[in-house]
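First up is the structure itself, then whatever we jot down about it.
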DNA sequence: AAGTGTGAAAACATTCACAGCA
DNA sequence: TGCTGTGAATGTTTTCACACTT
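Residue numbers (full-length UniProt numbering), protein chains in the order written: chain A, 1 to 228; chain B, 1 to 228.
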């Protein structure tokens, strides 16, 4: 029953995670007026191996020219299409503390397909304030807003203790993609996709590698640990 | 020349990335007064398979009791030790816009081994302000501060265009672990460890999965996509 | 009886190396 | 000639299934 055996291949998760990097780098190249790029050059700019880049791109289709390279514009468009960025993604942010403000005013947001349609916070001191032209409302207003301009991606930027309740509210109005900045594991029904971003996890991973470096140095067994 | 063949095993990166989750969940259990936990219970609370949890923990050593489970306190301590959180990690944040403020006041920071020793921003309007008791200074003051209380982890929360210069300044004073929130790929010397956290990458990955869900639904080929 | 710790198997991801095309 | 696209080889991660210990 599922169609397009040639067009709609399976793209590995590891590849999907790198496509945004490729896209960002291609956009920068395009700004600089670069028209064409080889896998070797693009890979170097992104910080991966050229074989990996070519393998990744091969999952999208065949958009390079043998002996020449990739046309920057074309490739950027195809990656955008693969990621779904040619569609419009209305986003709501819940929790307008420092982090919520930072996220709302983050430029990368607006540029590519993402559009902030709602900002929510139950703090009365924030109610009615506008950030990037969007008013902050209590979370109770979410269902009403959802009718006017339905949110497809919800961003949780509240403290950990509020995160599950906020998540439930988002799921209740039909949001199936959630980006969670709160340090909490969320329980969601099947079919809802949650990604978590956490500062302290990242710091702890850095600490682990830093510790290894200092241990190795103390051993006289210096080994460079570089990852990006 | 490298010692401790039994104690200092190689811990896989995939495992290291999950240890902070385990630790957070264990801390919550400890707060709730739970003394002992099985791999099945802990795995469920974290959102992984029990076999994966046991395999991960086996890399740290043998801290469980067969037929019983793991003692919450002990396991938390051993994970902390493996991650290097029993040491003190002085952190500097560069770029004190909304994001920098959010990071500086983030609670998870202080709790576990991380200590903010410097906040930097070249905006004269911010100079001298205090956040969490630490004054904001111009980046030029970094070398002087470094003598008094040396930074081991640098956090970059500046706009993309400033990121490489900031990174160079950090590396110049001997920082070898960097957490980069700017949407830019940093070039660093061998031995310097960079991790990047990027909102728009995360949003794009969500968009990809959301697109797949809607395509699959349109096909009548519904497939649940849940990841966390 | 219950649940850890771990070899072995399976799945997944990266890298190599080269055929094939412009 | 130069560079892409891709099978085959290698490396890593996850899962299975059960011996072993308390």
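Glycine is no exception: its CB is placed at the ideal position from the N, C-alpha and C atoms. Keep in mind the model is a prediction, meaning the values are calculated, not measured.
Asked                                                                                                                                                                                                        : Found
For residue 173/B, write down the residues that DSSP places opposite it in a beta bridge.                                                                                                                    : None; residue 173/B has no bridge partner.
Would you identify the three-state DSSP class for residue 36/A, choosing helix, strand or coil?                                                                                                              : strand
Mind reading off the beta-carbon distance from residue 156/B to residue 167/B? Whole number of angstroms is fine, and I expect it under 8 Å.                                                                 : 6 Å
Determine, using beta carbons only, whether residue 20/B comes closer than 8 Å to chain A.                                                                                                                   : yes
Could you tell me which uninterrupted beta strand (DSSP E) segments, each at least 3 residues in length, are contained entirely in the stretch 95-141 of chain A, listed from first to last along the chain? : 114-120, 134-137
Span of the alpha helix (DSSP H) holding residue 79/A?                                                                                                                                                       : 72-83
Could you tell me whether the Cβ of residue 176/B comes closer than 8 Å to any Cβ of chain A?                                                                                                                : yes
Against chain B, with Cβ distances strictly below 8 Å, would residue 163/A count as a contact?                                                                                                               : no
What residues in the stretch 57-90 of chain A have a beta carbon less than 8 Å from any beta carbon of chain B?                                                                                              : 82, 83, 84, 85, 87, 89
Below 7 Å CB to CB, which residues in the same chain sit around residue 37/B once its five sequence neighbours on both sides are set aside?                                                                  : 29, 69, 70, 72
Secondary structure at residue 16/A, three-state DSSP: helix, strand or coil?                                                                                                                                : helix
In terms of residue numbering, what span does the beta strand (DSSP E) encompassing residue 54/B cover?                                                                                                      : It is not in any beta strand (DSSP E) - residue 54/B instead sits in the alpha helix (DSSP H) that spans 50-58.
Under a three-way DSSP split, which group does residue 157/B fall into?                                                                                                                                      : coil
Beta-carbon of residue 31/B versus every beta-carbon of chain A: anything under 8 Å?                                                                                                                         : no
Out of 77/A, 181/A, 96/A, state which residue places its alpha-carbon closest to the alpha-carbon of residue 197/B.                                                                                          : 181/A
Can you say whether residue 7/A is buried or exposed, counting buried as having 16 or more other CB atoms within 10 angstroms of its CB?                                                                     : Confidence at residue 7/A is low in this model, with a pLDDT of 41, below 50, so the placement of that residue is unreliable and no value is reported for it.
Per DSSP, residue 90/A forms a beta bridge with which residues?                                                                                                                                              : 115/A
In chain A, what lies closer than 7 Å to residue 17/B by C-beta?                                                                                                                                             : 205
Identify the contact partners of residue 202/B in chain A, using a Cβ-Cβ distance below 8 Å as the criterion.                                                                                                : 179, 195, 197
Would DSSP call residue 66/A helix, strand or coil?                                                                                                                                                          : coil
In this structure, how does DSSP classify residue 222/A when only helix, strand and coil are distinguished?                                                                                                  : Residue placement at residue 222/A is poorly supported in this model, since its pLDDT is 41, which falls under 50; the coordinates still yield a value, given next. Of the three classes helix, strand and coil, the one that applies to residue 222/A here is coil, per DSSP.
Examine the Cβ distances between the stretch 102-120 of chain B and the stretch 91-107 of chain A and report whether three or more of them are shorter than 8 Å.                                             : yes
Consult DSSP for residue 166/A and reduce its assignment to one of helix, strand or coil.                                                                                                                    : helix
What number of angstroms, rounded off, separates the C-alpha of residue 60/A from the C-alpha of residue 112/B?                                                                                              : 42 Å
If you draw a straight line from the C-alpha of residue 77/A to the C-alpha of residue 208/B, how long is it?                                                                                                : 14 Å
Return no unless some Cβ of chain A is closer than 8 Å to the Cβ of residue 44/B.                                                                                                                            : no
For residue 205/A, name the three-state secondary structure that DSSP assigns.                                                                                                                               : helix
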